[in-house]
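Written below as structure tokens is the structure these notes are about.
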Amino acid sequence: MDLSTVRKRLEERERLLSPFAARSDASRGREAPEDPSPVRTEFQRDRDRIIHCKAFRRLKHKTQVFIAPVGDHFVTRLTHTLEVAQVSRTIARGLNLNEDLAEAIALAHDIGHPPFGHAGEEALAELLPQGFRHAEQSLRVVEQLEHLNLTWEVRDGIVNSSKVREDIMAQAWGTPFTLEGQTVKLSDAVAYINHDIADAIRAGLITDEELPQEVSETLGRRHAERINTLVCDIIEHSWAASGEGPPVERTQVRIGMSERIAAAANALREFMFQRVYLWEGRREEAEEARQVVSLLYGHYCEHPDEIRSDFVIPADPVWRRAADYVAGMTDGFALAQAARLGRRSALARGEFQRL
Ligand code: MG
Numbered sequence: 021m022d023l024s025t026v027r028k029r030l031e032e033r034e035r036l037l038s039p040f041a042a043r044s045d046a047s048r049g050r051e052a053p054e055d056p057s058p059v060r061t062e063f064q065r066d067r068d069r070i071i072h073c074k075a076f077r078r079l080k081h082k083t084q085v086f087i088a089p090v091g092d093h094f095v096t097r098l099t100h101t102l103e104v105a106q107v108s109r110t111i112a113r114g115l116n117l118n119e120d121l122a123e124a125i126a127l128a129h130d131i132g133h134p135p136f137g138h139a140g141e142e143a144l145a146e147l148l149p150q151g152f153r154h155a156e157q158s159l160r161v162v163e164q165l166e167h168l169n170l171t172w173e174v175r176d177g178i179v180n181s182s183k184v185r186e187d188i189m190a191q192a193w194g195t196p197f198t199l200e201g202q203t204v205k206l207s208d209a210v211a212y213i214n215h216d217i218a219d220a221i222r223a224g225l226i227t228d229e230e231l232p233q234e235v236s237e238t239l240g241r242r243h244a245e246r247i248n249t250l251v252c253d254i255i256e257h258s259w260a261a262s263g264e265g266p267p268v269e270r271t272q273v274r275i276g277m278s279e280r281i282a283a284a285a286n287a288l289r290e291f292m293f294q295r296v297y298l299w300e301g302r303r304e305e306a307e308e309a310r311q312v313v314s315l316l317y318g319h320y321c322e323h324p325d326e327i328r329s330d331f332v333i334p335a336d337p338v339w340r341r342a343a344d345y346v347a348g349m350t351d352g353f354a355l356a357q358a359a360r361l362g363r364r365s366a367l368a369r370g371e372f373q374r375l
């Protein structure tokens, strides 16, 4: 038999998707052309490559909000990534978009995130001659450090996945070209504003009852209710993307949220900033994290011979290699290296681990 009939059958099924969905057989392709897989579409193949790479595995030990927490139930970059993938798939399926493409973008969207979450990212942004953004680093990881040779659609979704912190709907830092990429961008916010509440409650910083009334009444009182409200609203508000509404031009179709729900989601974000992200204890913790990143970056710039070469490109300038090495580290590895270098920080001593 000809095994490629499997892929052809899968591609045939994609013809039943929305006319606005990205079809894998119409992909703009890969930097280095390859023969197709006999049993998977191009986007399914991208998803598999991401899951099998080393940078994906390290997400397990990278911080989301709370740095190197001791509790087993805190969200990590890996569980966040899986939640984003699941929310993205639900929305993509609801709108009859390409679920495989949404999943692939979601799984890689934070793959270049440095250790210690936002604090680590800020530290590198200040240190590097050309600044640092995790979405750009994620693209660098899949293209240059892991050589995944992904399709253009997945790479476009990754590099345009960042949001500004003030407004989950703002299209700063680029708009993904595909509706699947836009779906991931919004699903990222759906996932984190909800799991960050759960983590903050777990850490004893807030209680369920303290959430602003507007938020509880509009989005729901429970975790599951709030995610459901947001996901349903996005599907309903973006219905034109399914191609089943009144005829529209592709350029008019956007993945978004209704004003009422977006206002409640932004109110929730603001509350989280006041009570959790900018909380005094976290500021102290973030400052420690910044010092660890700064120490490591400085050290590897001076001692490039200590950089493990399989995580960097040997021909790159020293600052680039030091940055790639430090950005790729997990929280625990970075703390261990800092301790090894004699910087017995409060973080390394576990003083913040009471969270
Ligand atoms: Mg994310």
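The sequence shown: position 105 = 125 (my numbering), numbered continuously. Heads up, the beta-carbon is just placed ideally off N, CA and C, and yes, glycines get one too.
- One Cα belongs to residue 322, the other to residue 342, and the distance between them is close to 9 Å.
- One thing to note: residue 211 has its Cβ within 9 Å of the Cβ of residue 107.
- Under the 10 Å beta carbon count, residue 296 is surrounded by 16 or more other beta carbons and is classified as buried.
- DSSP places residue 93 in no alpha helix (DSSP H); its state is neither H nor E.
- Rounded to whole angstroms, residue 269 and residue 138 show a C-alpha spacing of 38 Å.
- For residue 208, the closest of 151, 104 and 324 by C-alpha to C-alpha distance is 104.
- Annotation for residue 212 indicates a beta carbon within 8 Å of some heavy atom of ligand 1.
- For residue 100, the distance from the CB to the nearest heavy atom of ligand 1 is below 8 Å.
- If you draw a straight line from the Cα of residue 181 to the Cα of residue 24, it is about 33 Å long.
- Approximately 7 Å separates the beta-carbon atoms of residue 117 and residue 203; this is inside 8 Å, confirming the contact.
- DSSP places residue 252 inside the alpha helix (DSSP H), whose first and last residues are 243-257.
- Those residues whose C-beta sits under 5 Å from the nearest heavy atom of ligand 1 are, from N- to C-terminal order along the chain, 130 and 208.
- Comparing alpha carbon positions, the residue from 334, 360, 260 and 282 closest to residue 114 is 260.
- A straight-line Cα-Cα distance of about 11 Å links residue 232 and residue 286.
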